[in-house]
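Enquirer: One structure coming up, written as structure tokens, with questions to follow.
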Amino acid sequence: MSRAVQILITTGLVVVLLDIYNLFHLSKVNWTHKTHCPQNRPVTRAVIHMGPHKTGSTTIQEFAHHHIDLLRKDGYEMPEVDNAEKNARGKTESHPNHVHFATCFVSPKNGGLRTVYPCDPDRLLHGLDLAAKGHNVFLTAEPFNDMDQEGIAMLKSYLSHWSDVTIMIFYRRYYDWLPSVFNEIQKSLTLAKREERGESIVDFLLQNSKSYHDLYVASLFDRLQQKFDKKNIIVLDYHDTRTRGPDETLFCNMPNAAHMCNATRFIDTSTSNPSANLDYSDLAYGAKKEGLISIPDDRKMAQVAESIERYHKSNLNARKFERVCPSSSIL
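Its first residue numbered 2, the sequence shown is counted upward by one per residue in this note's numbering.
Here is the structure:
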């Protein structure tokens, strides 16, 4: 099946159905009443937060999910599908973000992502229904970052149902971001998987620096500006010390989001999906590789790492470990 046909199925069909819906209802409108004229309709806004990965997205998504009432006070809705309806059809939704919305615009060639997070056309339909009713929408999901040019063109066409579009992405320093990606991978590995991979941060930088470049904010910005006007793209600073975190940075720069902005300043928020401190497990693993200690399984690995941490804090006053920057040839 060609990409064009898949696009028709995922988005085109939804648009056609909504157009039929609109045609049926617009036929009942009294067009002699001035306030019903299209040019007098209020401005509608779509705000799309695209991450990228490892820039505080989970914190932003969970904050929006938990404070949907405040988001609505700011005039925004998030395309959702009623959980009872989804469960009745054998579907479940466990993400407080729009990952199943975003993957509708990701190339089918990215089979792994679309298999884990399949496109949900119901969310596309709900979004267009919100547009037809004149509602603003807020969308947030990192897989928007995985769109190619064709996917971005599809998204632009979809967003044409709103009169104003704002795309928000975060800048994080490359060599701060890339180790965070490595940390995310490493913290979920079992001992067996870690031994199988046998990958250090230096190995990761050597092998993945170029391949991860397409997921970095600079590459995303380049792709976006080929389809969207630069004035519609807001690049936020992940390192902004004037705010308490990325959630405040985003919502206080989001158009007409005063309630959400104030909430991030006065409601205690904690970072979701934080980087894990792997120093102690790295030392334990290094000792195992050198034959200094036997670590047969994950339980023993955790015990050794905890012992190292206790010794470091009680006997060495938690003195910071010396860091050695990789050479410029690696970077």
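Glycine included, C-beta positions come from ideal geometry on N, C-alpha and C.
In the DSSP assignment, find the alpha helix (DSSP H) that holds V325 and state where it starts and stops.
Expert: From DSSP, V325 is part of no alpha helix (DSSP H); its letter is neither H nor E.
Enquirer: Contact between the region 206-216 and the region 75-82 is defined here as three or more beta-carbon pairs at a separation below 8 angstroms; is this criterion met?
Expert: no
Enquirer: Where does the unbroken alpha helix (DSSP H) through T167 begin, and where does it stop?
Expert: Unbroken run through T167 is the beta strand (DSSP E), D165 to Y172; no alpha helix (DSSP H).
Enquirer: With a floor of 3 residues, list each beta strand (DSSP E) that falls wholly inside the region 176-262, ordered by position along the chain.
Expert: 234-238
Enquirer: Which term fits Y281, buried or exposed, when burial requires 16 or more other beta carbons within 10 angstroms of its beta carbon?
Expert: buried
Enquirer: Straight-line CA distance for T410 to K314?
Expert: Residue numbering for the chain in the displayed model covers 2 to 332; residue 410 lies beyond these limits and cannot be assessed.
Enquirer: Would you tell me roughly how many angstroms separate the C-alpha atoms of E310 and Q304, rounded to the nearest one?
Expert: 10 angstroms
Enquirer: With a threshold of 16 other CB atoms inside 10 Å of the CB of V6, please say whether the residue is buried or exposed.
Expert: Residue confidence is low: V6 scores 41 on pLDDT, short of 50, so the model does not pin down where it sits. Its coordinate-derived value is still stated next. Result: exposed.
Enquirer: Express the C-alpha separation of I202 and C38 in angstroms, rounding to a whole number.
Expert: Residue placement at C38 is flagged as unreliable, the pLDDT there being 37, under the threshold of 50; the coordinate-derived value follows with that caveat. Straight-line Cα distance between these residues: approximately 60 angstroms.
Enquirer: Can you tell me which residues form a DSSP beta bridge with H101?
Expert: H101 pairs with nothing; no bridge assigned.
Enquirer: Please classify H240 as buried or exposed, where buried requires at least 16 other C-beta atoms within 10 Å of its C-beta.
Expert: exposed
Enquirer: Just the Cα atoms here: how many angstroms apart are V100 and L216?
Expert: 16 angstroms
Enquirer: How long is the line joining the alpha carbons of L225 and E196, rounded to whole angstroms?
Expert: 39 angstroms
Enquirer: Under 6 angstroms Cβ to Cβ from F106, same chain only, skipping five residues before and after it: list those, please.
Expert: In chain order, M148, G152, M155 and L156 place their CB closer than 6 angstroms to the CB of F106, counting only its own chain and leaving out the 5 sequence neighbours on each side.
Enquirer: Measuring alpha carbon to alpha carbon, tell me which of E291, A285 and I69 ends up nearest R300.
Expert: A285
Enquirer: In chain order, what residues of the same chain lie with their CB nearer than 7 angstroms to the CB of L160, ignoring the 5 residues before and after it?
Expert: A47 and V166
Enquirer: Given this structure, state the Cα-to-Cα distance separating G135 from V44, to the nearest angstrom.
Expert: 8 angstroms
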